[in-house]
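Chemist: Residue numbers (our numbering), protein chains in the order written: chain A, 2 to 82; chain B, 39 to 185. Using N, Cα and C, we set each Cβ at its ideal position, and we do this for glycine too.
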Amino acid sequence: MEIRYFAWLRERIGTGHEQIETQAQTVAELIEDLKTKSEAHAFALADTAAIRAAVDQELVAFDAPITGAKEVAFFPPMTGG
Amino acid sequence: MGVEVCDRAFDPGSILSAFTQRVDCAGAIVTFTGITRDVAEGDLQAMEIEHYPGMTERALADIRTQAMDRFNLIDALIIHRHGCLSPGETIMMVATAAPHRRDAFEAADFLMDYLKSRAPFWKREITARGADWVVAKDEDEEALNRW
Numbered sequence: 002m003e004i005r006y007f008a009w010l011r012e013r014i015g016t017g018h019e020q021i022e023t024q025a026q027t028v029a030e031l032i033e034d035l036k037t038k039s040e041a042h043a044f045a046l047a048d049t050a051a052i053r054a055a056v057d058q059e060l061v062a063f064d065a066p067i068t069g070a071k072e073v074a075f076f077p078p079m080t081g082g
Numbered sequence: 039m040g041v042e043v044c045d046r047a048f049d050p051g052s053i054l055s056a057f058t059q060r061v062d063c064a065g066a067i068v069t070f071t072g073i074t075r076d077v078a079e080g081d082l083q084a085m086e087i088e089h090y091p092g093m094t095e096r097a098l099a100d101i102r103t104q105a106m107d108r109f110n111l112i113d114a115l116i117i118h119r120h121g122c123l124s125p126g127e128t129i130m131m132v133a134t135a136a137p138h139r140r141d142a143f144e145a146a147d148f149l150m151d152y153l154k155s156r157a158p159f160w161k162r163e164i165t166a167r168g169a170d171w172v173v174a175k176d177e178d179e180e181a182l183n184r185w
């Protein structure tokens, strides 16, 4: 599965994307899984209130399933306009 | 046509002219243009806008479709830049065309509220002190409850 990071999440983790194998069933479980990868992951993903997620480029809640997803992205709340 | 994500400057006037010529039977056209402003106490050097290629275009198309479904519109347009902008440059614009002004105004307002909180763009201000990500405001999220 392709994991993508944007804005300060990308900077804190040190990469914009990575490939991972996971048994996680939901976005929330995936976050817990990713936090075990490195200190940078744990730091970047610590405050879930400051994170939004997209599964296959659709904004979702953290209880959303990720089974079969190609791409999951994490980023801060958007600031467009 | 309808949504565009671009990495270079655009001329809102010529886009509005083309939009106006394209729509038939519009009694009202409303536009909003967003400008890079200096919120960093007078020392903003540049604004960097990051986006999520692919998702951005989908999100903008979805927001536009929602506006078309919700209001009595003839057409709607969203243009948003990414990359590095100088203070005073145009970041984005929306345009709506409707038979009557109320729909055109409200649809433009709706587009802006959704664009601020649902389109995957992130701004970073570059100043002499360094670079800081712009933090989303609670009221931007709350603004969606109006609709």
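1) Please list the terminal residues of the continuous alpha helix (DSSP H) segment that includes residue 75 (chain B).
2) Helix, strand or coil: how does DSSP classify residue 61 (chain A) here?
3) Just checking: is the beta-carbon of residue 144 (chain B) within a distance shorter than 7 Å of some beta-carbon in chain A?
4) If I follow the unbroken alpha helix (DSSP H) through residue 41 (chain A), where does it start and stop?
5) Rounded to whole angstroms, what's the CA-CA distance from residue 155 (chain B) to residue 63 (chain A)? Just pull it up for me.
6) Could you give the residue range of the alpha helix (DSSP H) that holds residue 84 (chain B)?
7) Got a sec: which bits of the segment 14-34 of chain A sit with their beta carbon under 9 Å from any beta carbon on chain B, in order along the chain?
8) Along chain A, in chain order, which residues have C-beta atoms closer than 9 Å to that of residue 158 (chain B)?
9) Give a yes or no on whether 7 Å exceeds the smallest Cβ distance from residue 171 (chain B) to chain A.
10) According to DSSP, simplified to helix, strand and coil, what is residue 49 (chain A)?
11) Here's the rule I'm using: 16 or more other beta-carbon atoms within 10 Å means buried, otherwise exposed. How should residue 182 (chain B) be labelled?
12) With residue 73 (chain A) as the anchor, note down where its beta strand (DSSP E) starts and where it stops.
13) Run through the DSSP bridge pairs and tell me what residue 118 (chain B) is partnered with.
14) Among A:78, A:72, A:50, A:82, which one has its Cα closest to the Cα of residue 20 (chain A)?
15) Looking at the structure shown, is residue 37 (chain A) part of a helix, part of a strand, or coil, going by DSSP?
16) Taking residue 19 (chain A) as part of the beta strand (DSSP E), name the residues at either end of that continuous run.
17) Whole-angstrom Cβ separation of residue 7 (chain A) and residue 74 (chain A), contact assumed at under 8 Å?
18) Smallest Cα separation from residue 128 (chain B): which of B:61, B:74, B:54?
19) Is the beta carbon of residue 58 (chain A) closer than 7 Å to that of residue 92 (chain B)?
20) Listed from N- to C-terminal order along the chain, which residues in the segment 118-143 of chain B have their beta-carbon within a distance smaller than 7 Å of any beta-carbon of chain A?
21) Apart from the five residues on each side of it in sequence, which residues of its chain come closer than 6 Å, Cβ to Cβ, to residue 164 (chain B)?
22) Report the residues of the segment 72-92 of chain B with a CB closer than 9 Å to any CB of chain A, ordered along the chain.
23) Is there a Cβ of chain A sitting closer than 7 Å to that of residue 96 (chain B), yes or no?
Modeler: Taking the geometry as given:
1) Premise fails: residue 75 (chain B) is in no alpha helix (DSSP H) and is neither H nor E.
2) Residue 61 (chain A): strand per DSSP, three-state reduction.
3) no
4) 40-45
5) 17 Å
6) Premise fails: residue 84 (chain B) lies in the beta strand (DSSP E), 82-89, not in any alpha helix (DSSP H).
7) For the segment 14-34 of chain A, the set of positions with a beta-carbon nearer than 9 Å to some beta-carbon of chain B is empty.
8) 7, 53, 55, 58, 60, 74, 76, 79, 81
9) yes
10) helix
11) exposed
12) 72-76
13) B:43, B:130
14) A:72
15) coil
16) 18-20
17) 7 Å
18) B:74
19) The answer is yes: Cβ separation under 7 Å.
20) So the close ones are 118, 130.
21) 83, 84
22) 72, 87, 88, 89, 90, 92
23) yes
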